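Asks: In the numbering used here, the protein residues as written are 0 to 397.
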Amino acid sequence: MLRATARRRLATGAVSAVAAVAISLAVAVSGSSRTAAAAASIPPLALQPVAALPALTALAARAGDSALYVTQQQGVVRAVRNGKALDPPVLDISDQVVAQGEQGLLGLVFSPDGTKLYVDYTGNDGDERIDEFTMNGTIADVGARRNVLTVEDPQPNHNGGQLAFGPDGYLYIGIGDGGAQNDEGPGHVRGGNGQSLGTLLGKILRIDPTPSAEAAYQVPPDNPFVATEGARPEIWAYGLRNPWRFSFDTRTGDLWIGDVGQDEIEEIDFAPTTNGRDAGKGDNFGWNRLEGNDPFRGDVPAEVVAPVATQTHEDGWLAVIGGYVYRGSKIKPLRGVYLYSDYYKGDILGLRKSSSGGFDPVDLGLHADELAAFGQANNGELYVLSQSGGLLRLTRAR
0 MLRATARRRL
10 ATGAVSAVAA
20 VAISLAVAVS
30 GSSRTAAAAA
40 SIPPLALQPV
50 AALPALTALA
60 ARAGDSALYV
70 TQQQGVVRAV
80 RNGKALDPPV
90 LDISDQVVAQ
100 GEQGLLGLVF
110 SPDGTKLYVD
120 YTGNDGDERI
130 DEFTMNGTIA
140 DVGARRNVLT
150 VEDPQPNHNG
160 GQLAFGPDGY
170 LYIGIGDGGA
180 QNDEGPGHVR
190 GGNGQSLGTL
200 LGKILRIDPT
210 PSAEAAYQVP
220 PDNPFVATEG
230 ARPEIWAYGL
240 RNPWRFSFDT
250 RTGDLWIGDV
260 GQDEIEEIDF
270 APTTNGRDAG
280 KGDNFGWNRL
290 EGNDPFRGDV
300 PAEVVAPVAT
310 QTHEDGWLAV
320 IGGYVYRGSK
330 IKPLRGVYLY
340 SDYYKGDILG
350 LRKSSSGGFD
360 PVDLGLHADE
370 LAAFGQANNG
380 ELYVLSQSGG
390 LLRLTRAR
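#1: Provide the residue span of the beta strand (DSSP E) that contains F295, from first to last.
#2: For the segment 58-66 against the segment 113-122, are there 3 or more C-beta pairs whose distance is under 8 Å?
#3: Return helix, strand or coil for H312, following the three-state DSSP convention.
#4: Compare the C-alpha of G401 against each of I41, L52 and L46 and name the closest.
#5: Three or more C-beta pairs closer than 8 Å, one from the segment 284-292 and one from the segment 300-308: is that the case here?
#6: Tell me which residues share the same chain as G122 and place their Cβ nearer than 6 Å to its Cβ, disregarding the 5 neighbours each side in the sequence.
#7: Quick check: the Cα distance between L333 and F358, rounded to an integer number of angstroms?
#8: Among L200, G177, G201 and V218, which has the Cα closest to the Cα of P208?
#9: If we count Cβ pairs, one from each stretch, closer than 8 Å, do we get three or more for the segment 357-371 versus the segment 270-277?
#10: Quick one, which of H187, S385, G63 and N81 has its alpha-carbon nearest Q72's?
#11: Using the Cβ count rule (16 or more neighbours within 10 Å means buried), how would you classify N146?
#12: Report the option in T133, V150, A98 and A84 whose CA atom is closest to the CA atom of T108.
#13: Exposed or buried, S387, counting other C-beta atoms within 10 Å across all chains shown (16 or more means buried)?
#14: With C-beta atoms as the reference, is E266 less than 8 Å away from V299?
#15: Give me the Cα-Cα distance between L254 and G82, rounded to the nearest whole angstrom.
#16: Whose C-beta lies closer than 6 Å to the C-beta of G201 among residues of the same chain, with five residues either side of it excluded?
#17: Which same chain residues end up closer than 7 Å to G186 when comparing Cβ atoms and leaving out the 5 residues on each side of it in sequence?
#18: In terms of residue numbering, what span does the beta strand (DSSP E) encompassing P360 cover?
#19: By the DSSP assignment, the beta strand (DSSP E) with I92 in it spans what residues?
#20: Applying the 10 Å Cβ sphere with the 16-neighbour rule, what's the burial state of Q142?
#21: Go through its chain and collect everything with a Cβ distance to P87's Cβ below 8 Å, but skip five positions before and after it.
#22: Distance, Cα to Cα, N241 vs G356?
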């Protein structure tokens, strides 16, 4: 059993799992290993091909729309309906995106009412940009484009890129620590960006993207560091290396984070909700004082949130991919299980809350090559995005 010591030691993060890759029509999908999965009454599972699109990085659902919207690393957003990628693309900003290594078009989300599209990408200057587009039917109107936030990115790796609207209706943004190694060097403050409240790097941010007369967005008044001298008020949670995918449980509001590790450890972080909201508020996940549960640089802070699961590089885990809690209806025994993976390892694992308050691992018997992200449809069903195998649907094995 994996246990989290609510506040103690923790952190890890890092290298984004997005690499530029050529399309391959095959994805390695293993059969179900019936060991732990059987014990948890989970039936054999499979990954069913949906659309053979290359270099996928993120997926979003839109209110009132059955299509799945996916990003391709080079800078294209496509709608997939009934297994077919529709033309023309929803958005093509490939001439404004640096797409190499961990850079590119990394995230997207729709406003809760579906009228706005937000994308997170690496601009031609190497900085991270979050832009808003007004939707015109199923096409993003490039004439109604607005930059919401630009974050100077000192190195090309550890970019984060996840966008999500939380249970409170605010926009949450995952930002990496700025790159390089150890959270040190040019563009990194003394002691590391992850632990500094004076920079947006190494954080999850929370903003209201509605512009004011003075700014492109507003800061919610109940953000945890609004009144902290020298702190950026946009910060919601800190101590992250590269939060490569975070998500909110659509039933409980709990926050789950996959934070990519440095030298030895990959980690999954969990922050419980308070009355359906405020999950992760003000939390320190430890980087760069800790990698996973292990001391890394400097003194360990008095309060950090420990990971609920860790995987080691020795076991082939090199770039963790955070996923979602399954809340669909087609695989009822899987409900409440959080799914995650690793870009290089490829095994898809689960975590289920135990009666003792900890988390039990669940072997789902699944594997996908170059798995860059998970996605969740409006109906709670889950999808896998493989950079070489395209878009895949999680389903019962036949």
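Quick reminder that beta carbons are idealized off the backbone N, C-alpha and C, glycines included.
All figures in this text were calculated on a predicted structure; none of them were measured in a lab.
Replies: Taking the structure as given:
#1: One-based indexing of the sequence shown puts residue 295 at position 296. Here F295 belongs to no beta strand (DSSP E), and DSSP marks it neither H nor E.
#2: yes
#3: As a working mapping, residue 312 is identified with position 313 in the sequence shown. In the three-state DSSP reduction, H312 falls in the helix class (H, G or I).
#4: Within the shown structure, residues of the chain are numbered from 0 to 397, placing residue 401 beyond reach of any answer.
#5: yes
#6: As a position in the sequence shown, residue 122 is number 123, starting the count at 1. These residues qualify, in order along the chain: R128.
#7: Along the sequence shown, one-based indexing puts residue 333 at 334. Along the sequence shown, one-based indexing puts residue 358 at 359. One C-alpha to the other measures close to 14 Å.
#8: By one-based count along the sequence shown, residue 208 stands at place 209. With distances taken between Cα atoms, P208 lies closest to V218.
#9: The segment 357-371 is not in contact with the segment 270-277.
#10: Stepping through the sequence shown from its first residue, residue 72 is reached at position 73. Q72 has its Cα closest to that of S385, out of H187, S385, G63 and N81.
#11: Here residue 146 corresponds to residue number 147 of the sequence shown, with the count starting at 1. Answer is exposed; the Cβ neighbour count stays below 16.
#12: In the sequence shown, residue 108 corresponds to position 109, counting from 1. The sequence shown places Val at residue 108, not Thr. Nearest C-alpha to V108: T133.
#13: Along the sequence shown, one-based indexing puts residue 387 at 388. So S387 counts as buried.
#14: Locating residue 266 in the sequence shown gives position 267, counting from the first residue. Locating residue 299 in the sequence shown gives position 300, counting from the first residue. Not a contact, by the Cβ cut-off of 8 Å.
#15: Along the sequence shown, one-based indexing puts residue 254 at 255. Along the sequence shown, one-based indexing puts residue 82 at 83. L254 and G82: Cα-Cα distance of roughly 30 Å.
#16: As a working mapping, residue 201 is identified with position 202 in the sequence shown. These residues qualify, in order along the chain: D176, N192, G193 and L239.
#17: Your numbering for residue 186 matches position 187 in the sequence shown. Correct list, in chain order: P153, Q154 and G177.
#18: Counted from its first residue, the sequence shown places residue 360 at position 361. Taken as a continuous stretch (DSSP letters only), the beta strand (DSSP E) holding P360 covers F358 to H366.
#19: Within the sequence shown, the letter at position 93 stands for residue 92. Where I92 is concerned, there is no enclosing beta strand (DSSP E), given that its DSSP letter is neither H nor E.
#20: Here residue 142 is taken as the residue at index 143 of the sequence shown, counted from 1. What sits at residue 142 in the sequence shown is Gly, not Gln. Exposed is the call here.
#21: Along the sequence shown, read from residue 1 onward, the residue named residue 87 stands at position 88. Cβ within range, chain order: I138.
#22: As a position in the sequence shown, residue 241 is number 242, starting the count at 1. As a position in the sequence shown, residue 356 is number 357, starting the count at 1. Their backbone Cα atoms lie some 27 Å apart in a straight line.
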